[in-house]
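Data first, discussion second: the structure below is written as structure tokens.
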Amino acid sequence: MMTQGFTLWFTGLSGSGKTTLSREMEGVLLERGMKVELLDGDVVRTNLSKGLGFSKGDRDTNILRIGFVCNLLTRNDVVAIAAAISPYEEIRQKNRQLIGRYVEVYCKCPLDILEERDVKGLYKKARLGEIKNFTGVSDPYEEPSNPEVIVETDKETVEQCVAKITRTLELLGYIPVIGNGAEYSAEEEEEIKRRLKALGYI
Amino acid sequence: MLGFLRKPKKRICVIGLDGVPYSLLRVLAADGTMPAMAELCAQGHLQPMKVTLPEISAVSWTSFMTGAGPGTHGIFGFIDLKPGSKETRFPSFRDVQVPTLWDRLGQKSKKSVVINQPSTYPARPIQGVLVSGFVALDLRKAVFPARLLPDLKRLNYETDIDTQRAREDHDYLIQSLHSTLEGQRSLVDLLWDREEWDYFQVVTTGTDRVQHYLWNAIADTTHPYHTVVRQYYRAVDRFIAEIVERYRQKAGREQGLTGLFLLSDHGFTAIKREFNLNAWLRQEGYQRLEQATEPTLQNLSPDSRAFALDPSRIYFNRKDRFRDGCVETAEVGNLTEEMSSQLLALRNEGEPVVREVFRCADIYSGPCVPHGPDLIVLTYSGYDTKGNLVKNDLFTETDLQGMHTWDDAFFWAGESVDGDLMITDLATRFERFLS
Ligand SMILES: Nc1ncnc2c1ncn2[C@@H]1O[C@H](COP(=O)(O)OP(=O)(O)OP(=O)(O)O)[C@@H](O)[C@H]1O
Ligand SMILES: [Mg+2]
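Next up, the structure:
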């Protein structure tokens, strides 16, 4: 089956799970025989967007550059996965319009949980004023208005988030549905048969 | 002046009564068996509703929750064919091709609590809580999120009664109807205030079960199970009453009961005879079973032109669909006409049996139409079409007492709906209400 490209865009505060989930999704999509490129904000800032800072203007440039690359990949039938805070709705919408085949995943997680997690120790530094313009603490984050998927990473496990994103991609027709017919074990099939027979079916 | 008071948020609560016909509900409301229902009828509107064909729970509930027909959602029955093959399989929730109402509400950050929804197994993540109903097998796979599992275990929550045992042992049936209803009641009790929700739904399937096995007991006052069956409907009525009261309090006075809805997924009527479609196809020369092999669809003789799947689906053995097919695409039109006129002319003891034969291309639309059957047979009340491959008699008796109907499901709402109501209309109504 020839699959078309699309962009899977993860947005959310620092520590909300973008890198974790984008790597998981990379695995899922590779397993389904798709070509995948992952653009993680942290990595992009060391090359493509090297030298850019965290002002509104620099942030916008960074996100638009990632969007530009995602679009190139998408139109060449690669799945582009982006994992970047991408705090501004207007800029995300611009990318959505440019790319077209664009699926947005909002990694939602309350700030107090993120500060507890503090994977990189950044929230602590931000609170101490050692980092300026830190999204969620001293810089804005605009919630997405129409994401295809919302994962609440404080309530759902990584596995559940991955299942939800995968299912949405299946339902939107971006990836082939697998497991047709293999949903039930032989034992389970027997049990279903037994119950249906008793209701007069089969 | 009271502008500073925030408007209470809009909430929907839906109660599903599997298989309860409009006509029966009116009787039970009027004769005092279901006083809460009677009160609802006085305050709102009870009306008949049509459902998608075939009129079985797997299809109807999927049509309800997606707001689309089988041609779009892809579920045509409890069993289906593997692609390109005559091997059968059991479709699951994963086979539903479009998002459900709760998926769509979830995208708008609205939360749903959905309890005992048939045809949602294995449960998948939604914004909120989903507890799958029939054919949920393993409770661990029937619950999202998994944190609810200990609660369900503690409540002795069961997804369904043991249908095989219930068919043979009606005392067991009655007792387990009450215990599953109690399980649903206590789960509503637990989740109602604990979970955050915009949309709350609970379905009870016991009503379908009792109607399959003891339909006649409802009306027949001399039936040995008459009283206990009536008591069960009384219990269902109390279940409804409790939820209505909860809803009144939660929704607030301004909203009243405008966000409360009740429905069934099909109607019911008494069975006179089972009508075995495959036996009929063989009698008319459309199908032959190879001698000395196990009677399965794969073992039909290669010149068989058609076969049926439960309950009322006819498939042509098309070359463009099956590897060993024998019906040319160009023949389909004639075959349809010939078969339809023969079915419509069929008589049992002088009575007509088949009311209408639908071409699926006419009644369905959407990308899944090619995966569905070619024809759907709609019978007159009392003739329950069956896809059994082994039985050779056209008409057989059964110990089952009730069969489904497609045009006698019910819908209750605070406001009446103009014109014919179809089960696929509801999802968008609900979505609109909440937006
Ligand atoms: N359901 C979940 N999904 C994703 N991550 C989760 C989930 N539950 C817990 N976590 C944990 O949360 C942390 C998320 O960190 P991750 O680096 O993925 O965040 P990020 O959004 O990429 O942050 P940044 O913007 O700083 O790069 C990880 O430690 C991960 O193990
Ligand atoms: Mg990251």
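Going down the list, the sequences are from chains D and S.
Heads up, my numbering is the position in the first sequence plus 111, with the first residue counted as 1.
Heads up, my numbering is the position in the second sequence plus 176, with the first residue counted as 1.
For each residue, glycine too, the CB sits at the ideal point set by N, CA and C.
In this text, all values refer to a predicted model and were calculated from it rather than measured experimentally.
Worksheet item: What first and last residue would you give for the beta strand (DSSP E) that runs through residue 452/S?
Response: Taken as a continuous stretch (DSSP letters only), the beta strand (DSSP E) holding residue 452/S covers 449-452.
Worksheet item: In chain order, what residues of the same chain lie with their CB nearer than 7 Å to the CB of residue 234/D, ignoring the 5 residues before and after it?
Response: If you ignore the 5 residues before and after residue 234/D, its C-beta comes within less than 7 Å of the C-beta of 225, 226 and 248, all in its own chain and listed in chain order.
Discussion item. If I measure Cβ to Cβ from residue 393/S and keep anything under 6 Å in the same chain, skipping five residues before and after, which residues do I get?
Written reply: Result list for residue 393/S: 399, 401, 402 and 405, in chain order.
Worksheet entry | alpha helix (DSSP H) runs wholly inside the segment 332-368 of chain S, at least 4 long, in chain order | You should have 339-344.
Discussion item. Distance check for residue 357/S and residue 585/S, CA to CA, integer angstroms please.
Written reply: Taking the straight line joining both Cα atoms gives about 21 Å.
Discussion item. Counting only beta-carbon separations shorter than 7 Å, does residue 302/D have a partner in chain S?
Written reply: Chain S, which has a Cβ nearer than 7 Å to the Cβ of residue 302/D, makes this yes.
Worksheet item: So residue 193/S is in the beta strand (DSSP E); what residue range does that whole segment cover?
Response: Where residue 193/S is concerned, the enclosing beta strand (DSSP E) stretches over 188-193.
Worksheet item: How is residue 272/S classed by DSSP in three states: helix, strand or coil?
Response: Note: residue 272/S maps to coil in three-state DSSP.
Fill in: Through-space distance from residue 163/D to residue 606/S, alpha-carbon basis
Approximately 47 Å between the Cα atoms of the pair.
Worksheet item: Does DSSP put residue 548/S in a helix, a strand or coil?
Response: Annotated three-state conformation of residue 548/S is coil, per DSSP.
Discussion item. Checking 7 Å against the spacing of the C-beta atoms, do residue 481/S and residue 508/S come in under that value?
Written reply: No, these two residues do not count as a Cβ contact at 7 Å.
Discussion item. Quick check on the DSSP output: what are the complete alpha helix (DSSP H) runs of length 4 or more inside the segment 378-446 of chain S, in order along the chain?
Written reply: Complete alpha helix (DSSP H) runs here, min 4: 382-395 and 402-427.
Fill in: Close beta carbons around residue 279/D, own chain, < 8 Å, minus the five adjacent residues each side
Annotation for residue 279/D: 214, 259 and 260 place their beta carbon closer than 8 Å to its own, counting only its chain and skipping 5 residues before and after.
Worksheet item: Quick one: what's got a C-beta closer than 7 Å to residue 279/S's C-beta in the same chain, skipping five residues either side?
Response: The answer, listed in chain order, is 302.
Discussion item. So if I measure from each beta-carbon to every heavy atom of ligand 2 and keep distances below 7 Å, which residues remain?
Written reply: Applying a distance threshold of 7 Å between residue Cβ atoms and the heavy atoms of ligand 2 selects 129/D, 130/D, 151/D, 152/D, 153/D and 194/D, given in chain order.
Fill in: Residue ranges of each beta strand (DSSP E) within the segment 196-262 of chain D, 3 or longer
Listed in chain order, they are 213-219.
Discussion item. Three Cβ pairs or more, each shorter than 8 Å: is that satisfied between the segment 221-229 of chain S and the segment 463-471 of chain S?
Written reply: Result no; under three Cβ-Cβ pairs closer than 8 Å.
Worksheet item: For residue 187/D, does the count of other Cβ atoms within 10 angstroms reach 16, so buried, or fall short, so exposed?
Response: Under this definition residue 187/D is an exposed residue.
Worksheet item: Among the residues of its own chain, which have a CB less than 6 Å from the CB of residue 294/S, if the five just before and after it don't count?
Response: Excluding positions up to five away in sequence, the list reads 233, 237, 309 and 310.
Discussion item. Can you find the residues in the same chain that come closer than 6 Å, C-beta to C-beta, to residue 320/S, ignoring five residues on each side of it along the sequence?
Written reply: Same-chain partners within the cutoff: 299, 301 and 306.
Practice prompt. Going by CA-CA distance only, name the one from 156/D, 128/D and 183/D that's closest to residue 148/D.
Written response: Ranked by Cα distance from residue 148/D, the options 156/D, 128/D and 183/D are led by 183/D.
Fill in: Integer-rounded CB distance, given that residue 185/D should sit under 8 Å from residue 117/D
In this structure residue 117/D touches residue 185/D by the C-beta definition: roughly 6 Å separates them, less than 8 Å.
Item to complete: With DSSP as the reference, label residue 239/S as helix, strand or coil.
Response: Shown here, residue 239/S sits in a helix according to DSSP, grouped into three states.
Worksheet entry | Top-ranked residue by Cα proximity to residue 153/D, from 143/D, 256/D and 133/D | Relative to residue 153/D, the option among 143/D, 256/D and 133/D whose CA is nearest is 133/D.
Fill in: Opposing strand residues paired with residue 562/S [DSSP bridges]
Beta-bridge pairing links residue 562/S to 452/S.
Item to complete: Closer than 7 Å, Cβ to Cβ, to anything on chain D: give me those residues from the segment 408-440 of chain S, in chain order.
Response: So nothing in the stretch comes that close.
Discussion item. Out of 407/S, 377/S and 368/S, which one is the CA nearest neighbour of residue 350/S?
Written reply: Closest in alpha carbon position to residue 350/S, among 407/S, 377/S and 368/S, is 407/S.
Item to complete: Look up residue 597/S in the DSSP assignment and say whether it is helix, strand or coil.
Response: Residue state, collapsed to three classes: coil.
Fill in: Within chain D, partners of residue 486/S - CB distance below 7 Å
By Cβ distance, chain D contributes 312 and 313.
Worksheet item: Where do the ends of the beta strand (DSSP E) carrying residue 503/S lie?
Response: If you look at residue 503/S, you'll find it isn't in any beta strand (DSSP E); DSSP assigns it neither H nor E.
Worksheet entry | Outcome for residue 208/D when other beta-carbon atoms lying within 10 angstroms are tallied against a minimum of 16 | So residue 208/D ends up on the exposed side.
Worksheet item: Which bits of chain D does residue 255/S rub up against, with CB to CB less than 8 Å?
Response: Within 8 Å Cβ-Cβ: 307, 312 and 313.
Worksheet item: residue 136/D by DSSP, collapsed to three states: which one?
Response: Of the three classes helix, strand and coil, the one that applies to residue 136/D here is helix, per DSSP.
Worksheet item: Going along chain D in order, which residues have a C-beta closer than 7 Å to the C-beta of residue 557/S?
Response: Under a criterion of Cβ atoms nearer than 7 Å, no residue of chain D is adjacent to residue 557/S; the nearest Cβ is some 16 Å distant.
Discussion item. Please tell me whether, using a cut-off of 6 Å, the distance from the CB of residue 197/D to the nearest non-hydrogen atom of ligand 1 is below it.
Written reply: Not under cutoff, so the answer is no.
Discussion item. Quick check on the DSSP output: what are the complete beta strand (DSSP E) runs of length 3 or more inside the segment 464-492 of chain S, in order along the chain?
Written reply: Listed in chain order, the complete beta strand (DSSP E) runs (minimum 3 residues) inside the segment 464-492 of chain S are 482-485 and 489-492.
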